[in-house]
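For reference, the structure discussed in these notes is given below.
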Amino acid sequence: MNDQPFDPVELLGQRVQAAIAAAAPEAGPEADALISPSKRAELGDFQSNAAMPLAKRLGMKPRDLAATIVKKLDVADLCEPVTEADIAGPGFINLRLKPEALSGLLDRLDTPDLGLPAPAEPKTIVVDVCGVNLAKQMHVGHLRATVIGDTLARTFERLGETVIRQNHVGDWGLPIAMVTRKIQIELNAGRLSLESLTLDDLDRLYRAAQFECTGQGKALEIAAKYDLGPKVDAELCAQHEEAMEHLEEAKQTLVALQSHQPDVYTIWQRIYEVTMGACLEACEILHTRITEADNAGESSYAEELVQVVDDLTARGIAEEHEGALLIRLDSAEDGKIAQPCLIRKRDGGYLYATTDLAAIRRRVQTLGADRVIYTVDARQGLHFRQVFAASRKAEYATKPGANGPSVLEHAAFGTVLGNDGKPFKTRSGENIRLCDLLDEAVERAETTVAAKNPDLAADERATIAKAVGIAAIKYADLSSERIKDHVFHFDRMLAFEGNTGPYLLYALVRTRSVFRKAEETGTPLDHADAPILISEPTEKALALELLRYPSAVQSVATLLEPMRLCSYLYSLAGAYSSFYDACPVLRAASDDLRRSRLRLCALTARVLEDGLEVLGLPTVERM
RNA sequence: GCCCCCGUAGCUCAGUUGGAUAGAGCAGCUGACUUCUAAUCAGCAGGUCGCACGUUCGAGUCGUGCCGGGGGUGCCA
């Protein structure tokens with residue numbers, strides 16, 4: 014009974030398609046009806062643009078074809094009569110829904126799943142999120158990888174797919190060995206204790222270790238390049254030798270780490286604990302569903318790298334070049350890539366591409382991914398093109414028994430900029446700690462909440478501020494196109510006006526407050542099965558907006574653009590605000606009208622709630 | 001050098017596979033609160049869609065070439 018589409022675009026699409034088939038059989042069954050919401054509300058609710066491209070293809074006059082389509086069109090149950098007068102411009106066909114048809118469609122949307130039924134055969138989607146590194150503070154880049162990744166994962170969960178989040182923690186390799194060694198030295202010198210180790214300690218020591226082991230090498234190169242003289246060279250050479258010694262020790266530490274030698278491994282475990290503790294705390298504060306269970310760090314692939322490289326060598330996928338091992342991609346069918354994918358260094362060490370190949374193998378072949386999505390900085394673009402092509406060449410991207418490779422996608426995001434248009438950093442060029450950023454957002458939100466609503470008790474105000482601050486910061490990240498750089502601007506995201514998280518939270522609060530008020534005043538609330546009456550323009554606009562919800566969620570999944578849902582919810586919130594302003598609900602002219610409007614409010618509330626849940630924004634009852 | 005991304009109102013951003021008069025918000029201006037939360041709504045003003053050709057009945061959207069900004073580029077991750 015509910016198998017008919019409720020989405021007017023789909024429904025009218027079927028009818029127009031049938032009309033096209035009757036009007037121009039030679040067009041073929043694949044002819045698209047090209048239905049979209051009308052650009053000009055005064056001309057109709059929906060329009061079909063099908064006649065123009067089709068007429069071109071068939072060598073007909075578009076208006077003539079449109080006239081024939083209109084003649085064959087059977088939409089009497091849905092639309093106001095469609096005549097030649099509804100053909101406009103070069104051949105647009107304007108369609109206007111009958112009010113009772115519109116309320117019928119809303120009835121069909123108003124089900125527990127809100128028009129998004131679970132698929133018969135769920136797909137398995139792996140989403141790579143977070144991208145944290147051991148011993149380093151999280152910053153705005155991690156914010157994007159975490160927030161966008163989690164929202165994409167939530168979207169697929171909402172659509173009923175099987176979702177596996179993977180936190181590919183950078184927890185292995187030489188840089189980690191360097192900091193491990195550094196901490197070992199500090200411990201032995203009594204300057205540090207494992208018990209009281211903090212992420213700030215780690216962050217500081219990580220950079221110190223980097224500097225010790227590599228810092229001077231670059232300086233020497235520069236000195237040589239600009240010929241700074243023998244004294245500078247000698248000085249730097251001495252330091253360089255020292256760095257080489259440090260590096261050598263770090264390599265030994267790496268070997269010790271790889272063989273799980275207890276004294277070193279214990280330190281590594283503690284580093285892991287401290288870093289991941291902070292990371293998971295941030296994930297929780299950010300209202301994501303990322304947990305410890307999603308951890309699948311580089312260290313978890315350590316044992317697999319030898320197998321992978323042996324396998325690739327044995328099958329001739331990888332070849333040796335000047336002592337290094339690489340996979341050539343310049344003849345690959347799926348996009349030639351000039352730069353080969355390097356999987357083993359001359360010194361025998363593995364690279365991050367090696368780990369990523371092992372990760373694709375596990376994700377597709379063991380976890381069974383039909384689609385793997387990487388929410389990672391756009392600057393990694395070439396790397397992922399290489400790794401994706403290499404894994405397809407090696408058939409690691411193909412599920413056992415499958416015909417072709419699973420879909421591998423880099424959901425690339427741009428850089429977060431400061432007000433000056435340069436990457437978002439402190440004046441001295443340091444990364445700003447994510448936890449400080451979140452604290453500041455919540456603090457600022459609390460100030461505003463206190464100003465707007467001074468009557469709130471302190472604890473409720475704190476709860477609201479937390480939700481508003483986090484919603485603001487997340488929404489700012491989700492509401493523009495992923496690939497574009499975006500400017501981080503506290504005042505704008507927390508302004509509570511315009512296209513912001515707080516505005517959406519407020520819209521939801523307003524839908525809820527109607528029901529609270531109704532209860533307070535003893536107004537009857539029996540609206541569940543009330544017939545929806547569409548009379549006022551703002552009611553109609555709201556109804557049309559509500560019907561777009563399922564396709565908005567779908568488009569996030571297709572395009573991997575949470576912005577689609579943000580725009581939709583913003584537009585829905587706007588439609589609701591206009592409706593709320595123009596149409597009295599509790600004081601409506603009749604009981605029927607009040608019940609109809611209450612039902613519209615309830616449906617709006619459910620769609621808003623559901624949409625905010627998909628985005629992963631926390632909500633509140635009052636603001 | 002080669003490759004990728006971005007360029008739309010003063011600012012921040014939308015603009016579905018090419019469709020009607022390029023849309024929001026902020027800032028500016030004008031109205032609306034003894035009223036279901038004004039954190040709102042209704043309206044005004046604001047544009048050489050980086051530039052130039054091309055394809056098309058039709059280009060912000062597709063193609064080519066420039067200009068400007070950013071990023072990447074086989075032994076870091």
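In this text, residue positions in the first sequence follow the working numbering: the first is 14, and each later residue adds one.
We put the CB at the ideal spot given by N, CA and C, even for glycine.
Remember, predicted model here, so these are calculated numbers, not experimental data.
Practice task
Could you check which residue in 482, 584, 285 and 154 has the C-alpha nearest to that of residue 312?
Solution key: Sorting 482, 584, 285 and 154 by C-alpha distance to the C-alpha of residue 312 places 285 at the top.
Problem - alpha helix (DSSP H) runs contained entirely in the segment 511 to 547, provided each spans 4 or more residues - result: 514 to 534
Handout entry: residue 27, enclosing alpha helix (DSSP H) - first and last residue
Key = 21 to 36
Handout entry: Closest residue to residue 392 among 497, 549, 130 and 165 (Cα-Cα distance)
Key = 497
Problem - Where residue 351 falls, given that 16 or more other Cβ within 10 Å makes a residue buried - result: exposed
Handout entry: Given residue 89 as reference, the closest of 303, 98 and 114 once Cα atoms are compared
Key = 114
Handout entry: Selection from 628, 633 and 616 that minimises the alpha carbon distance to residue 126
Key = 616
Problem - the segment 134 to 145 touching the segment 378 to 394, judged by at least three CB pairs closer than 8 Å - result: yes
Exercise for the section: Return helix, strand or coil for residue 438, following the three-state DSSP convention. Expected result: strand
Problem - Nonlocal neighbours in the same chain, by C-beta distance under 8 Å from residue 371, ignoring five residues either side - result: 314, 317, 318 and 321
Practice task
Kindly indicate which three-state DSSP category residue 14 falls into: helix, strand or coil?
Solution key: In this prediction, residue 14 scores a pLDDT of 41, lower than 50, which makes its location untrustworthy; no coordinate-derived value is stated.
Exercise for the section: Pull up the DSSP beta-bridge partners for residue 138, would you. Expected result: 176 and 384
Problem - C-beta atoms of residue 546 and residue 618 nearer than 8 Å - result: no
Problem - Residues bridged to residue 422 [DSSP beta-bridge criterion] - result: 386
Exercise for the section: Tell me whether residue 146 sits in a helix, a strand or coil according to DSSP, three-state version. Expected result: strand
Handout entry: Residue range of the alpha helix (DSSP H) that includes residue 294
Key = 275 to 298 is the extent of the alpha helix (DSSP H) around residue 294.
Handout entry: Neighbourhood of residue 625 by C-beta, 6 Å cutoff - its chain only, sequence neighbours within 5 removed
Key = 632
Handout entry: Proximity of residue 308 and residue 180 at Cβ, strictly below 8 Å
Key = Remark: C-beta atoms of residue 308 and residue 180 approach each other more closely than 8 Å.
Problem - Straight-line Cα distance separating residue 576 from residue 568 - result: For residue 568 and residue 576, the distance between alpha carbons rounds to 10 Å.
Exercise for the section: Would you kindly work out how many angstroms separate the C-alpha atoms of residue 564 and residue 635, rounded to a whole number? Expected result: Rounded to whole angstroms, the separation of the alpha carbons of residue 635 and residue 564 is 29 Å.
Handout entry: Spatial neighbours of residue 291 in its chain, beta-carbon cut-off 6 Å, leaving aside the 5 residues before and after
Key = 212
Practice task
Measure the CB-CB distance between residue 216 and residue 205 and report whether it falls below 8 Å.
Solution key: At the C-beta level, residue 216 and residue 205 stay beyond 8 Å of one another.
Exercise for the section: Whole angstroms is fine: what's the gap from residue 395's alpha carbon to residue 584's? Expected result: When rounded, the distance between both Cα atoms is 36 Å.
Practice task
List the whole-angstrom C-beta distance separating residue 107 from residue 57, where the pair is believed to meet the contact cut-off of C-beta under 8 Å.
Solution key: That belief holds up - the Cβ atoms of residue 107 and residue 57 are roughly 3 Å apart, short of 8 Å.
Practice task
Report whether the distance from the Cβ of residue 209 to the nearest heavy atom of the ligand GDP is below 7 Å.
Solution key: Summarising the ligand content, the structure contains no ligands, and the ligand GDP is consequently not present.
Handout entry: Coil, strand or helix - residue 616 by DSSP
Key = helix
Handout entry: Alpha carbon of residue 622 to alpha carbon of residue 502, nearest angstrom
Key = 26 Å
Problem - residue 495 to residue 424 span [Cα, whole Å] - result: 8 Å
Problem - Local Cβ density within 10 Å of residue 334, reported as buried at 16 or more and exposed below that - result: exposed
Practice task
Please report how far the alpha carbon of residue 601 lies from the alpha carbon of residue 536, in whole angstroms.
Solution key: 11 Å
Exercise for the section: Specify whether the segment 506 to 516 and the segment 452 to 464 touch according to this definition: at least 3 beta carbon pairs, one from each stretch, less than 8 Å apart. Expected result: They touch, by the three-pair rule.
Handout entry: residue 490 beta carbon less than 8 Å from that of residue 157
Key = yes
Handout entry: Beta-carbon gap between residue 325 and residue 337 smaller than 8 Å
Key = no
Problem - Simplified DSSP state of residue 310, which is helix, strand or coil - result: Coil, per DSSP.
Practice task
Please name the residue or residues paired with residue 110 in a DSSP beta bridge.
Solution key: The secondary-structure analysis by DSSP pairs residue 110 across a beta bridge with 92.
Problem - Close beta carbons around residue 606, own chain, < 7 Å, minus the five adjacent residues each side - result: 546
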